[in-house]
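Residue numbers for the sequence shown follow numbering that gives the first Met the number 0, beginning at 0 and rising by one. Here a beta-carbon is modelled for each residue, glycine too, at the ideal position from N, C-alpha and C. Since we're looking at a predicted model, the values are computed, not measured. Here the structure is laid out as structure tokens; the discussion comes afterwards.
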Amino acid sequence: MKIASWNVNSLNVRLPHLQRWLDEAKPDVVALQETKQEDHKFPEDALLELGYRSVFSGQKTYNGVAIISRLPFTGECVNAIPGFDDPQKRVLAATVGDARIVDLYVVNGEAVGSGKFDYKLRWLAAVREWLRAEIAAHPNLVVLGDFNIAPDDRDVFDPRRWREKVLCSSPEREAYRALLELGLHDSFRLFNDEAGHHSWWDYRLSGFERGWGLRIDLVLVSEALKARCVAAGIDREPRSWERPSDHTPVWVEIGP
Numbered sequence: 000m001k002i003a004s005w006n007v008n009s010l011n012v013r014l015p016h017l018q019r020w021l022d023e024a025k026p027d028v029v030a031l032q033e034t035k036q037e038d039h040k041f042p043e044d045a046l047l048e049l050g051y052r053s054v055f056s057g058q059k060t061y062n063g064v065a066i067i068s069r070l071p072f073t074g075e076c077v078n079a080i081p082g083f084d085d086p087q088k089r090v091l092a093a094t095v096g097d098a099r100i101v102d103l104y105v106v107n108g109e110a111v112g113s114g115k116f117d118y119k120l121r122w123l124a125a126v127r128e129w130l131r132a133e134i135a136a137h138p139n140l141v142v143l144g145d146f147n148i149a150p151d152d153r154d155v156f157d158p159r160r161w162r163e164k165v166l167c168s169s170p171e172r173e174a175y176r177a178l179l180e181l182g183l184h185d186s187f188r189l190f191n192d193e194a195g196h197h198s199w200w201d202y203r204l205s206g207f208e209r210g211w212g213l214r215i216d217l218v219l220v221s222e223a224l225k226a227r228c229v230a231a232g233i234d235r236e237p238r239s240w241e242r243p244s245d246h247t248p249v250w251v252e253i254g255p
């Protein structure tokens, strides 16, 4: 099963990109972030024509998450962090086959020390407690999405420039490591230890063309799935298309 994540940065704009990529890459499950659509506008029928069922949780102009799958969804779908009062549509969990899929659009945080940064850390702490319960109930857990955190300096094109700035600060990385301590593994790092692999490039200053990127889109797998991972990667190609998202798809392939 090939499971992917993509922050599409507006499905209104990027639906043709998504349709093209689904046809070319043929993933089984895709978690989307920043759909930026109210639920009644989600292109459910267009995706069904390509063979993908959908579950989604959106809001006008901002945020929004969705999971699309060529396999049926089963069991409970969750679209909010239990016990955490938050109007922003940033989480979605659904079961596909024997895997529980948790789609996260992590808070950006704006700047270290800001109110939004504090919200990011509180949000991540709430997510951790939720995932603790999810992994207990669903050992075959995949947690993926736009984490808005570069796990370590290998994931940053210029670590000195980004030192202790938002997306790369010590508190954010500590919060990320706290998620791993639940028994989760960065699937990309199971296969590649090298620096210089990125999933997001700022539109400003021609970041993609210059290679000025960060790896902030991640696919984490539980201990039970770790041994079943056969490949993982970053598909840079969609970032080169006309009017692209600033993110590109990341994926893992899980065997039987």
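Discussion item. Helix, strand or coil, according to DSSP, for residue 235 in the structure here?
Written reply: coil
Notebook entry, point to check: How many angstroms separate the CA atom of residue 213 from the CA atom of residue 201?
Noted result: 9 Å
Just list the residues that DSSP pairs residue 228 with in beta bridges.
253
Indicate whether the contact test is met: 3 or more Cβ pairs, each with one atom in the segment 33-53 and one in the segment 224-233, closer than 8 Å.
no
At the level of alpha carbons, what is the spacing between residue 181 and residue 123?
13 Å
>> Which of the three DSSP states is assigned to residue 182 in this structure?
In response: coil
Item to check | residue 8 and residue 244 closer than 8 Å at C-beta | outcome: yes
Cutting at 7 Å between CB atoms, please list the residues of its own chain near residue 69, excluding the five before and the five after it.
27, 50, 51
Are the Cβ atoms of residue 147 and residue 191 separated by less than 8 Å? no
Whole angstroms are fine: how far does the CA of residue 117 sit from the CA of residue 170? 10 Å
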